[in-house]
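Asks: Can you keep this structure in mind? I'll have questions shortly.
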Amino acid sequence: MQSLLRWSIENSTPNDAGTPPAPRSDLDPAIIDQILGRPDAELMKENLQVALDEERELDDRVQALDNFEMLVENIDNANDLEKLKLWELLHGLLTSETSEDDIKRLVLWIVGTAVQNNPSAQTSYLSFNPLPSLLSFLSPTPSHPSPAKTRSRAVYALSGLLKHNSAAVDQLTSANGWEILKAALGDSDIGVRRKVAFLVGTLLLPSSAEEEQQQQAQSSTSSVGTLSTSTALATATASTATSLHTPNSSNAPIHPNSHASMLTSPSFFSTSAQTRQALEEHGILETLVEGLVNPVPFGEDGEDGEGGDEEFEGKCVAILNTYLVSLKGQLPPSQKEKLATFVKGQLEKVGVDGLVDRWSLGTEDIEGLKSALGLI
Numbered sequence: 001m002q003s004l005l006r007w008s009i010e011n012s013t014p015n016d017a018g019t020p021p022a023p024r025s026d027l028d029p030a031i032i033d034q035i036l037g038r039p040d041a042e043l044m045k046e047n048l049q050v051a052l053d054e055e056r057e058l059d060d061r062v063q064a065l066d067n068f069e070m071l072v073e074n075i076d077n078a079n080d081l082e083k084l085k086l087w088e089l090l091h092g093l094l095t096s097e098t099s100e101d102d103i104k105r106l107v108l109w110i111v112g113t114a115v116q117n118n119p120s121a122q123t124s125y126l127s128f129n130p131l132p133s134l135l136s137f138l139s140p141t142p143s144h145p146s147p148a149k150t151r152s153r154a155v156y157a158l159s160g161l162l163k164h165n166s167a168a169v170d171q172l173t174s175a176n177g178w179e180i181l182k183a184a185l186g187d188s189d190i191g192v193r194r195k196v197a198f199l200v201g202t203l204l205l206p207s208s209a210e211e212e213q214q215q216q217a218q219s220s221t222s223s224v225g226t227l228s229t230s231t232a233l234a235t236a237t238a239s240t241a242t243s244l245h246t247p248n249s250s251n252a253p254i255h256p257n258s259h260a261s262m263l264t265s266p267s268f269f270s271t272s273a274q275t276r277q278a279l280e281e282h283g284i285l286e287t288l289v290e291g292l293v294n295p296v297p298f299g300e301d302g303e304d305g306e307g308g309d310e311e312f313e314g315k316c317v318a319i320l321n322t323y324l325v326s327l328k329g330q331l332p333p334s335q336k337e338k339l340a341t342f343v344k345g346q347l348e349k350v351g352v353d354g355l356v357d358r359w360s361l362g363t364e365d366i367e368g369l370k371s372a373l374g375l376i
């Protein structure tokens, strides 16, 4: 053991305590990056540069955008899009005449992921007035076709941008978006129809403040009953809101990438009144009723769904239920009669329990709808 220690001392390089050790020159920076991981901001910029390079293979550009989408699933990375000035590049890629459909479809995916449940990212992207571009994918022309997959991704992007954001809904109105959504309720692809109906239904749901006002108005004329599905959804929203930090809470930081930031201005995220007005003014309620009574076949040649689609049907009924029951809206007499006849026919076929399963509504919802239509 002593011999080994003596040999080690004799063969070691003396180290001057005053001289710092020289840096290792044999360490590959690429290996260090691989071990420690590169900053996400750097990865986002690098992947977007690959996607923008039209001389690269399409597969490489698609993979780069796929990587980019995974990065913006992180809400902080999504907010960095503005700091890094990447929103402008993304929107340019989306609207470029030379961008392939695969590229546009992935950019729509990125947009939808980055802005959903993220008020800060929503506001950043809205500064580019993107609604006309996003809506254009839902109204293709022979010279600018839009495959079903791309239309579906466009609805995904629209949903992320519009939900809980009244400013975005204002832009939708200015861009004639309600007429485009109305037409999309008859899209040849049933998946697109379902997504559009779900989006409209989500925008129509009253906020917690609106629901509370409605309940207070109802309490003076009727006793409180079991909550309907629509009420439960709004109540859940209220519960979530009250659990967030608010400006009156102690130690309550308000972050721009949180919906807590919107509690200081409830009108920011309330879209129910705007949507109700649009449904009434643009004849969308009639479109929904007609879609139930006389379902439009779907498929490339209209060869499918002659008897309707249960999922789409359920989403349409949910919208009408929110309008008639939760918001106390009134259909034109002719449309009310058509809807009442339809619901009565379905009740005779499968009963209340059958409709609960078919439409994914609660028993209270069905009973409320029956009452609103004069079927009780």
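The opening position of the sequence shown corresponds to residue 1 in UniProt numbering, with each subsequent residue numbered one higher. Glycine included, every Cβ here is placed at the ideal spot set by N, Cα and C. Quantities reported herein were computed from a predicted structural model and do not represent experimental measurements.
(1) Could you tell me the alpha carbon to alpha carbon distance between tryptophan 359 and alanine 64, rounded to whole angstroms?
(2) What's the gap between the Cα of serine 326 and the Cα of leucine 369?
(3) Could you spell out where the alpha helix (DSSP H) holding threonine 322 opens and where it closes?
(4) Starting from the C-beta of leucine 324, find all residues in its chain whose C-beta is less than 6 Å away, skip the five residues before and the five after it, and write them out in chain order.
(5) With the cut-off set at 9 Å, would you say glycine 112 and leucine 158 are in Cβ contact?
(6) If you count every other CB in all the chains shown that lies within 10 Å of the CB of leucine 233, and 16 or more means buried, which is it?
(7) Below 8 Å, is the gap between the Cβ of leucine 81 and the nearest heavy atom of the ligand NAP?
(8) Given a threshold of 16 other Cβ atoms within 10 Å of its Cβ, counted over all protein chains shown, does arginine 38 qualify as buried or as exposed?
(9) Check for me: the alpha helix (DSSP H) holding proline 132 runs from which residue to which?
(10) Tell me whether lysine 195 is buried or exposed, calling it buried when 16 or more other Cβ atoms sit within 10 Å of its Cβ.
(11) Measure the C-alpha to C-alpha separation of leucine 131 and valine 155 and round it to an integer number of angstroms.
(12) When we look at the beta-carbon of glycine 160 and count the other beta-carbons within 10 Å, is it buried (16 or more) or exposed?
(13) Relative to the C-alpha of leucine 319, which candidate in Leu347, Val289 and Glu348 has its C-alpha closest?
(14) Considering just the uninterrupted stretch of the alpha helix (DSSP H) at asparagine 79, what are its terminal residues?
(15) Work out the CA separation of tryptophan 87 and serine 127 for me, nearest whole Å.
(16) Here's the rule I'm using: 16 or more other beta-carbon atoms within 10 Å means buried, otherwise exposed. How should histidine 91 be labelled?
(17) So for leucine 40, helix, strand or coil by DSSP?
(18) What's the C-alpha gap between serine 96 and asparagine 77?
(19) Is it true that the CB of leucine 339 sits closer than 9 Å to the CB of leucine 279?
(20) With DSSP run on the structure shown, which of helix, strand or coil describes threonine 363?
(21) Can you grab the Cα-Cα spacing for the pair arginine 276 / valine 296, in whole Å?
Replies: Walking through what the data contain:
(1) Whole-angstrom Cα-Cα distance: 40 Å.
(2) When rounded, the distance between both Cα atoms is 10 Å.
(3) From DSSP, threonine 322 is part of no alpha helix (DSSP H); its letter is neither H nor E.
(4) Excluding positions up to five away in sequence, the list reads Ala372.
(5) A contact, by the Cβ cut-off of 9 Å.
(6) Model confidence at leucine 233 stands at a pLDDT of 44, short of 50, so the residue's coordinates are unreliable and nothing is read from them.
(7) With respect to the ligand NAP, the structure shown offers nothing to examine, as it has no ligands at all.
(8) In summary, arginine 38 is exposed, with fewer than 16 beta-carbon neighbours lying within 10 Å of its beta-carbon over all protein chains present.
(9) Here the alpha helix (DSSP H) through proline 132 covers 131 to 136.
(10) A residue is called buried once 16 or more other Cβ atoms fall within 10 Å of its Cβ, and lysine 195 is buried on that count.
(11) Cα-Cα distance, rounded: 11 Å.
(12) Glycine 160 counts as buried, since at least 16 other C-beta atoms from the protein chains shown sit within 10 angstroms of its C-beta.
(13) Residue 319 is actually isoleucine in this sequence, not leucine. Per the Cα distances, Val289.
(14) Run containing asparagine 79: 75 to 83, per the alpha helix (DSSP H) assignment.
(15) If I take the Cα positions, the gap works out to 10 Å.
(16) Classification for histidine 91: buried.
(17) As written in the sequence, residue 40 is aspartate, which differs from the leucine given in the question. Aspartate 40 sits in a helix when the DSSP states are folded into three classes.
(18) Between serine 96 and asparagine 77, the alpha-carbon positions lie close to 24 Å from each other.
(19) No; because the gap between Cβ atoms is not below 9 Å, this pair is not in contact.
(20) Collapsing the DSSP output to three states places threonine 363 in a helix.
(21) Going by the C-alpha atoms only, they are around 24 Å apart.
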